[in-house]
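Taken in sequence, the protein lines are chains H and E.
Numbering-wise (the working numbering), the first sequence opens with residue 1 and increments by one.
Numbering-wise (the working numbering), the second sequence opens with residue 331 and increments by one.
Cβ atoms here follow ideal geometry from the backbone N, Cα and C, with glycine treated the same way.
Bear in mind that the values here come from a model prediction, so they are computed numbers and not experimental data.
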Amino acid sequence: MDVLLDVRDLHTQFTTSSGVVRAVDGVSWDVRAGETVALVGESGCGKSVSALSVMRLVSAPAGRITEGRIVFKGRDLLTLTDDDMRKVRGREIGMIFQEPMTSLNPVLTVGRQLTETLEIHLGMTPTQARARAGEILGLVGISDPERRLRQYPHQFSGGMRQRIMIAMALSCNPALILADEPTTALDVTIQAQILELLKDLSRKLGVAMLIITHNLGVVARYADRVNVMYAGRIVERGTAREIYAHPRHPYTLGLLRSVPRLDEPRKARLDPISGQPPDLTRLPPGCAFAPRCSFVAERCRIDRPELALVGEAHTAACWESERLAVQVPA
Amino acid sequence: MTDAPILEVRNLVKHFPIGGGVFGGPPALIKAVDGVSFSIRRGETLGLVGESGCGKTTTGRCILQLEKPTAGEILFEGRDLAALPEGELRKVRRRLQVIFQDPYSSLNPRMTVGQIIAEPLAVHRIVPDRAARATRVRELLGHAGLLPAMARRYPHELSGGQRQRVGIARALAMEPALIVCDEPVSALDVSIQAQIINLLEELQAEFGLTYLFVAHDLSVVRHISDRVAVMYLGKIVEITDRKTLYEDPQHPYTKALLSAVPIPDPAVEAGRERIVLGGEVPSPLNPPSGCVFHPRCPIAISECRGEVPALREIREDHRVACIRV
């Protein structure tokens with residue numbers, strides 16, 4: 001499969017009153033045509049900032065991309081002019097955000113918000129755009145599109161608004177969709193509907209997807225490949241099956257063990273990761289996870305480990321991943 | 331665990347009027363809670379699950395007397411809270427505490443952690459002496475797994491998990507018998523959720539606490555609860571012990587909810603059969619006739635449209651509101 005998006009050594013920083021925050025600190029990942037890739041991690045790990053960096057939506061002047069390349073279809077997005085970048089956003093790369101209510105314009109009808117993109121990006125006439133908008137609403141499972149196009153966002157439920165966001169993201173036939181926590185704000189049964197819809201459409205239309213989430217269950221169900229992030233860096237990468245069956249980074253292992261699972265007998269006690277999430281302005285030298293790690297060795301507090309091969313197409317950034325492999329049978 | 335219920339809720343109804351007024355005629359009614367009954371035994375945890383708008387939080391707020399029920403009775407340690415005189419209620423109310431979902435908005439940003447925990451001790455004259463109060467605050471911080479030095483910090487200096495621990499220490503200060511935990515971990519990071527759940531379980535064992543655990547995460551609820559009630563649109567549709575609910579659910583909504591929870595294991599997910607419900611939760615302003623679940627129910631028949639199913643006992647300690655079961 002062709003590499004569609006290739007992010008190389010990306011660094012994104014924010015200047016804050018308490019110092020420089022390296023939100024994304026030397027991260028490389030790629031998405032191939034048609035596949036679903038996940039960026040997993042907890043709040044502040046840099047997963048959303050990674051996606052915003054790809055879209056060049058990191059808010060200046062506090063935030064800026066200081067290093068790296070973001071190659072999409074052979075072009076480095078970081079070298080494009082603002083005008084050219086505007087043609088990529090929404091047209092070639094679609095984006096779905098967590099909170100549909102705050103990402104839709106409350107004073108414009110849903111129809112106007114859908115047709116605007118089509119008219120600007122694809123040069124459609126208002127009539128053509130209207131017809132296409134109705135077609136896409138049908139595609140995302142909204143019935144009676146004619147009436148719905150005339151309505152405003154507040155007249156839709158949370159699940160329906162997320163369907164509209166998906167419709168907007170798909171409207172210009174993009175090659176890639178970035179979905180940032182697309183179902184976190186939704187109820188369980190609606191979450192299932194939206195994820196099925198996304199998966200179904202991405203298969204049918206051959207769109208590649210980057211899913212950003214903290215939910216390990218969502219990743220297991222929908223992703224082909226997974227990147228686990230911690231404190232601005234990728235700590236483990238591999239196919240979803242490999243990562244869940246043979247985690248080789250203590251953080252991944254800790255995440256998997258700390259959540260109760262419905263398919264397993266109930267445990268007397270949960271197995272949490274100890275300590276607090278890292279403060280990005282005061283990261284320790286060496287491995288950022290060392291203060292919370294149960295496999296920590298002396299070296300971990302001095303040298304920062306880089307991603308290294310631990311299995312077929314499976315890498316982990318951990319000095320102790322061999323010991324972990326021996327101590328944790330599959 | 332004794333069998334005497336510490337809390338009994340009988341036919342609780344809470345309707346919120348909206349709109350209407352001077353010209354609009356009678357206001358419309360949101361039936362947030364519509365005839366809910368259950369009891370909690372001393373020392374146990376009852377999980378209350380359901381999707382947003384199902385009335386689980388309103389049920390909790392009625393029990394805490396933060397909302398005045400439209401109808402129904404709430405008996406705490408055998409006494410009807412609505413019938414108690416003001417002074418008595420205040421005393422009883424102390425033994426009913428709450429832990430909120432959002433540790434960011436439930437702590438006063440202008441107070442230090444020590445002041446936040448000391449305030450109820452002073453107001454209710456639990457520990458009137460200043461020096462003794464400081465000692466008690468340190469002790470409470472310790473119970474919640476925080477260092478004594480935390481007392482001087484402000485909420486914004488703490489992480490989400492630490493803030494939730496402060497909320498727990500504040501609830502413990504009142505020496506409660508029952509704590510309503512309203513989504514206590516859903517705003518926290520995955521790696522921190524397990525810490526807080528373990529803490530809640532340790533405190534329950536140490537102080538003999540009873541929990542009403544309101545949540546939407548079915549995996550977490552299974553872990554912490556002894557019994558579980560499932561709510562849909564203001565009504566309980568199924569209530570039984572944890573093991574039965576998760577291993578042998580009977581109500582079609584319970585089954586769909588369980589099936590919708592993704593399992594963190596691709597190998598398991600690949601072979602899993604899913605019930606994806608169509609449609610959305612209807613508005614409580616205008617609930618469907620008969621069984622409120624019938625428009626989305628995969629096994630609904632025409633009778634479901636006409637008849638409101640009673641919550642009936644299908645076996646000991648297992649009640650289901652469905653005519654198809």
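Check	Outcome
If you reduce the DSSP assignment to three classes, tell me which class E:Cys702 lands in.	Any question about residue 702 of chain E goes unanswered here, given that chain E covers just 331 to 655.
Round the Cβ separation of E:Arg615 and H:Thr189 to the nearest angstrom and send it over; I've been treating them as touching at under 8 Å.	It is worth fixing the name first, because residue 615 of chain E is Leu in this sequence and not Arg. About 20 Å; that fails the 8 Å criterion.
Work out the CA separation of E:Arg552 and H:Val328 for me, nearest whole Å.	26 Å
Just to confirm, does E:Glu381 get its C-beta within under 7 Å of one of the non-hydrogen atoms of the ligand HEM?	The ligand HEM is not part of the structure shown, which contains no ligands of any sort.
Against E:Pro596, what residues of chain H qualify as contacts under a CB-to-CB distance less than 7 Å, listed in chain order?	Ala220, Ala240, Arg241 and Tyr244
Determine the closest residue to E:Leu518 out of E:Leu437, E:Val598 and E:Gln492, with distance taken between C-alpha atoms.	E:Gln492
Taking only beta-carbon positions, decide if H:Asp144 is within less than 8 Å of chain E.	no
Distance check for H:Gly34 and H:Gly206, CA to CA, integer angstroms please.	5 Å
Using the three-state DSSP reduction, which class does E:Asn528 fall into: helix, strand or coil?	helix
Among residues of its own chain, excluding the 5 on either side of H:Ala169, which ones have a beta-carbon nearer than 7 Å to its beta-carbon?	Gly94, Met95, Ile96 and Ile177
Report the neighbours of H:Pro43 on chain E: residues whose CB is nearer than 7 Å to its CB, in chain order.	A quick correction: the sequence has Ser, not Pro, at residue 43 of chain H. Here the neighbours are Asp519.
Under DSSP, the alpha helix (DSSP H) around H:Cys222 begins and ends at which residues?	It is worth fixing the name first, because residue 222 of chain H is Tyr in this sequence and not Cys. From DSSP, the alpha helix (DSSP H) with H:Tyr222 extends over Leu216 to Tyr222.
With 8 Å set as the bound, which would you pick, yes or no: does the beta-carbon of H:Asp2 sit closer than that to a beta-carbon of chain E?	no
Going along chain H, which residues have a C-beta under 8 Å from E:Arg514?	For the sequence presented, residue 514 of chain E should be read as Pro rather than Arg. In chain order: nothing, as chain H lies at least about 14 Å away.
Under the three-state reduction of DSSP, which class applies to H:Met124: helix, strand or coil?	coil
Whose C-beta lies closer than 7 Å to the C-beta of E:Val515 among residues of the same chain, with five residues either side of it excluded?	Gln523, Ile526, Ile527 and Val550
Cβ of H:Glu99 within 8 Å of Cβ of H:His214?	no
Find out if the Cβ-Cβ distance for the pair E:Arg425, E:Gln395 is shorter than 8 Å.	no
Could you work out which residue in E:Asp578, E:Ala600 and E:Gly609 is closest to E:Ile644 when comparing CA atoms only?	E:Asp578
For chain H, check one thing: does any of its Cβ atoms lie closer than 8 Å to the Cβ of E:Asn528?	yes
Tell me which same chain residues have a C-beta within less than 6 Å of the C-beta of E:Glu531, skipping the five on either side of it?	none
Taking Cβ-Cβ distances shorter than 9 Å, what residues in chain H pair up with E:Pro592?	Gln191, Ala192, Leu195, Asn215, Leu216, Gly217, Val218, Val219, Ala220, Arg221 and Tyr222
Return the chain-ordered ranges of every alpha helix (DSSP H) run that is complete within the segment 156-237 of chain H and spans a minimum of 4 residues.	158-170, 188-205 and 216-222
Evaluate the contact criterion for the segment 581-601 of chain E versus the segment 221-240 of chain H: three or more CB pairs, one atom per stretch, below 8 Å.	yes
In chain order, what residues of the same chain lie with their CB nearer than 7 Å to the CB of E:Met331, ignoring the 5 residues before and after it?	Caution applies to E:Met331, whose pLDDT of 48 falls short of 50 and renders its modelled position unreliable; the value that the coordinates give is listed next. Around E:Met331: Arg371, Arg372, Gly373 and Glu374.
Which residues in the same chain have their Cβ closer than 8 Å to the Cβ of E:Val655, if we skip the five residues on either side of it in sequence?	Gln580, His581 and Ile644
Are any of the Cβ atoms in chain H nearer than 8 Å to that of E:Ser549?	yes
Look up H:Asp279 in the DSSP assignment and say whether it is helix, strand or coil.	coil
Of the residues that make up the segment 248-259 of chain H, which ones have a beta carbon closer than 9 Å to any beta carbon in chain E?	Tyr251, Gly254, Leu255, Leu256, Arg257, Ser258 and Val259
Evaluate H:Ser59 with the Cβ neighbour count: other Cβ atoms within 10 Å of its Cβ, from every protein chain shown; 16 or more gives buried, anything less gives exposed.	exposed
Between the beta-carbon of E:Val591 and the beta-carbon of H:Leu262, is there less than 8 Å?	yes
Pick out whichever of E:Phe406, E:Val467, E:Gln445 and E:Tyr484 has its Cα sitting closest to the Cα of E:Tyr434.	E:Tyr484
Is the segment 563-572 of chain E close to the segment 359-370 of chain E, with three or more CB pairs under 8 Å?	yes
Identify the contact partners of H:Arg163 in chain E, using a Cβ-Cβ distance below 9 Å as the criterion.	Result: empty, since nearest Cβ-Cβ is about 11 Å, beyond 9 Å.
Quick one: residues in its chain with C-beta nearer than 8 Å to the C-beta of H:Trp319, no 5 flanking neighbours on either side, listed in chain order?	Cys287, Ala297, Arg299, Cys300, Asp303 and Pro305
Determine, using beta carbons only, whether E:Ser369 comes closer than 8 Å to chain H.	no
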